[in-house]
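S.K.:
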Amino acid sequence: MRRIDPATHSQTIERAVLGNDAARSPLVASWARSARLHGLDPAKRRKPERLTAGELAEARVRMGAMIRLAAPSLDRLFLSVGGVGCCVLLADRDGVPLDRRGAPVDDVTFEDWGLWPGALWSEAQEGTNGIGTCIAENRLVTIHRNQHFLTRNTALSCMTAPIHDATGALVGALDVSSCRADLTEGFATLIAQSVAEAARRIEAEAFLAAYAGARIVLVPGAEGGGMLAVDADDLVIGANRVARLALGLAGDLGRNPRPAADVLGQRAADTLPEAERAALIRALARAGGNVSAAARALGISRATLHRKLGTGRRH
């Protein structure tokens, strides 16, 4: 494996940061945070720090529900990338991998590099890297080899997507990492798309589990699977991150629900007579147009139903 000279790598980063490229390049912005905000040295040789066994166990308990929900997606993702020497990591919002999939033949190498549960991969600890930078910027990132801040990490290629909970809050990251020199940047980009799709599946599973008793509505035109949870009163009580961004929703929708029609920009029955008529029409639709059955379901007579609907039909 070709080694990158630490002095050359440090000079490259220094020139980019001093050249004020951070405003134009997200990568250089991350390098600048690593150097200026976190005070890291690109030549730092120490391997990633790790949680104690007790601290790792506590972290896994805190994220237990997400770990269980994500397990099938981690399995499927590893089936896709494990054969090309990659491992799959699920990290919490502090940048600590809590669950992992990897091939036994590669485990010794990955553990040595710190791509292992309990290692600290925040940007503050390791500078620009897949997990840490993904969490810092809350977006899909690919950090390929010498794009890492620390020279020690430049043998790695990391493709990482953020994971959000049912309320849209960032809770962790899904990462695929490789330390093989033959992984091209183009192939890394393809892997990144698979990582993003797996992260969306995990978020969808988390949302469906959180609102198991609600009606789930897909947001029209929202890329990435915008979903709303709507209760029996047609109020939006939950929205995933994609829906929140697409529709401008914020806050605790469970405590402060919003009418679904308002959220989706639809015309709703605003007056009491309109609302009553809408309820009658829904009952009639559920009964397949059978007026007698609809009236019985509503607990009223057929004549009353006809009168309220303003029809002269008789059955």
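If you want my numbering, it's the 1-based position in the sequence shown plus 9. Backbone N, C-alpha and C define an ideal beta-carbon position, used for all residues, glycine too.
#1: Quick one: what does DSSP say Val43 is sitting in, helix, strand or coil?
#2: Using DSSP with H/G/I as helix, E/B as strand and the rest coil, what is Asp116?
#3: What do you get for Leu46, buried or exposed, if any count of 16 or more other CB atoms within 10 angstroms of its CB means buried?
#4: Within its chain, find whatever has a CB closer than 7 Å to the CB of Arg209; leave out the 5 residues flanking it on each side and keep chain order.
#5: Report the CB separation of Leu183 from Thr169 in whole angstroms; it is logged as a contact under 8 Å.
#6: For the stretch 66–74 and the stretch 85–95, state whether three or more C-beta atom pairs, one from each stretch, are separated by less than 8 Å.
#7: Counting C-beta neighbours from all protein chains within 10 Å, is the total for Asn299 16 or more, i.e. buried, or is it exposed?
#8: Report the rounded CA-to-CA distance for Val26 versus Ala62, giving the unit in angstroms.
#9: Is the beta carbon of Arg286 less than 8 Å from the beta carbon of Leu237?
#10: The ligand SAH heavy atoms versus the CB of Gly73: any closer than 7 Å?
#11: At the level of alpha carbons, what is the spacing between Leu83 and Ala302?
#12: Tell me whether the beta-carbon of Pro126 lies closer than 8 Å to the beta-carbon of Arg109.
#13: In three-state DSSP terms, what is Leu65?
#14: Give the DSSP bridge partners of Asp184, in chain order.
#15: Return the first residue and the last residue of the alpha helix (DSSP H) that Val26 is part of.
#16: Going by Cα to Cα distance, which pick from Ala296, Leu289 and Arg305 is closest to Arg316?
#17: Suppose you measure from the CA of Ala68 to the CA of Trp130; what does that come to, to the nearest Å?
#18: Considering just the uninterrupted stretch of the alpha helix (DSSP H) at Pro81, what are its terminal residues?
#19: Would you check if there are 3 or more beta carbon pairs closer than 8 Å linking the stretch 189–196 to the stretch 208–228?
#20: Is Arg33 helix, strand or coil when you go by DSSP?
#21: Quick one, are the C-beta atoms of Asp243 and Pro268 less than 8 Å apart?
M.R.: The structure says:
#1: For the sequence presented, residue 43 should be read as Ser rather than Val. Three-state result, Ser43: helix.
#2: Reduced to three states, the DSSP call for Asp116 is helix.
#3: Burial call: exposed.
#4: Gly233 and Gly234
#5: 7 Å
#6: Not touching, per the Cβ criterion.
#7: exposed
#8: 38 Å
#9: no
#10: The ligand content of the structure shown is nil, which means the ligand SAH is not present either.
#11: 50 Å
#12: yes
#13: Leu65 falls in the helix class under three-state DSSP.
#14: Leu98 and Thr169
#15: Pro15 to Leu27
#16: Leu289
#17: Approximately 14 Å between the Cα atoms of the pair.
#18: Gly73 to Val90
#19: No, the stretch 189–196 does not touch the stretch 208–228.
#20: coil
#21: yes
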